[in-house]
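Enquirer: Below you'll find the structure I mean.
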Amino acid sequence: MNLYKGCSHGCIYCDSRSNCYHIDNFDKVRGKENALAILEHELARKKSGIIGIGAMSDTYNPFEIKYEQTRGALKLISKYNYGISIDTKSDLILRDLDLLKEINSKNNVIIKFTITTPNDALSKVIEPNVCPSSKRLKAIKELSANGIFTGIMLNPVLPFITDKEEDIKLLVRLVYESGAKFIHTYLGMTLRENQRDYYYEKLDKYFPNLKEKYLKYYGERYNLLTPNSQKLYRIFTEECQKYGILYKMSDIIKAYKKEIKTNEQISLF
Ligand code: SF4
């Protein structure tokens, strides 16, 4: 579910600005009219489940402070006893801790923070309009301390920029210290029409000569695994195992789902 169209966080690698999604002026955030009325109509008709928010835009954009569209949706999700899965990069999510705890007492909750680098200065370059990595780690700490199942998506990993062994090791340690339960990564990025142009424009601005390196190494490929992905994955999994952090998606899904008790009576006939 996307309560907003477009996203103003300005991540240089954002896939959602690709042509295939047909979103004009991607950086301009637009609220969806009647979203909460439509949501309530749907929730009342459907069987309970887990609702995912944040696949195409960050629902905790600056307009959420005033319009509270996400907060309104969480109230409805709690009212109808659904679970919630949120992808975000913003510590604004802490404003809704009360509702997340309420939902968590009745159903499943999983919060996935995207963190791509432990380096705040670098995160300000590649994700300029959202809080830096250290603030996201603080938010994870608070959510985790309140019993909310939280972890990080270490995606994308930008070749020749965020694929340093020492950064991956440091990030796993910081994530462990924050109380997060998991890290998931595929150690690469994807690039396609429009998104590629935007990314290369930013590389030219902030990382001179790197575009040429990308073109030489990857050509027009869609899937760009980091050149050292195999070695990096071995290091990543060893570090996760050392700290007891989950990293396989199947294990993460198994760990966050709890048994849900319903009031439904099973009929004999
Ligand atoms: S937060 Fe997500 S949707 Fe928003 S610009 Fe960054 S990558 Fe794109």
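Just so it is clear: in the sequence shown, position 72 is 72 by the working numbering, and no numbers are missing. We treat Cβ as the ideally placed atom computed from N, Cα and C, and that holds for glycine. Predicted, not measured: the structure shown is a model, and the values here were computed from it.
Identify, in the order they occur along the chain, each residue of the same chain with its Cβ nearer than 7 Å to the Cβ of Gly-6, setting aside the five sequence neighbours on each side.
Expert: Ile-23, Asn-25, Phe-26, Asp-27, Lys-28, Val-29, Arg-30 and Ser-57
Enquirer: Are the segment 88-99 and the segment 134-147 in contact at 8 Å, needing three or more beta carbon pairs?
Expert: yes
Enquirer: Taking the DSSP output, what are the residues bridged to Thr-150?
Expert: Ile-111
Enquirer: Could you spell out where the beta strand (DSSP E) holding Leu-225 opens and where it closes?
Expert: 223-225
Enquirer: For a test of your reading of the model: does the CB of His-22 fall under 7 Å from any non-hydrogen atom of the ligand SF4? Yes or no.
Expert: no
Enquirer: According to DSSP, is Lys-79 part of a helix, a strand, or is it coil?
Expert: helix
Enquirer: With a 10 Å radius around its C-beta and 16 neighbouring C-beta atoms as the bar for buried, classify Ser-90 as buried or exposed.
Expert: Answer is buried; the Cβ neighbour count reaches 16.
Enquirer: Starting from Met-189, trace the beta strand (DSSP E) both ways and give me its first and last residue.
Expert: 188-190
Enquirer: Please find out if some non-hydrogen atom of the ligand SF4 comes closer than 7 Å to the beta-carbon of Ser-16.
Expert: yes
Enquirer: Could you check the C-alpha separation between Ile-183 and Glu-177 for me, to the nearest Å?
Expert: 13 Å
Enquirer: Cβ of Ile-53 within 8 Å of Cβ of Lys-202?
Expert: no
Enquirer: Would the beta-carbon of Cys-131 be found less than 7 Å away from any heavy atom of the ligand SF4?
Expert: Not one heavy atom of the ligand SF4 sits closer than 7 Å to the Cβ of Cys-131.
Enquirer: For the alpha helix (DSSP H) that contains His-278, what are its first and last residues?
Expert: Residue 278 cannot be examined here, being either before or after the span of the chain that is shown, 1 to 269.
Enquirer: Val-109: which of Ile-77, Lys-135 and Leu-92 sits nearest, CA to CA?
Expert: With distances taken between Cα atoms, Val-109 lies closest to Ile-77.
Enquirer: What does the alpha-carbon distance come out to for the pair Glu-193 and Ser-105?
Expert: One Cα belongs to Glu-193, the other to Ser-105, and the distance between them is close to 43 Å.
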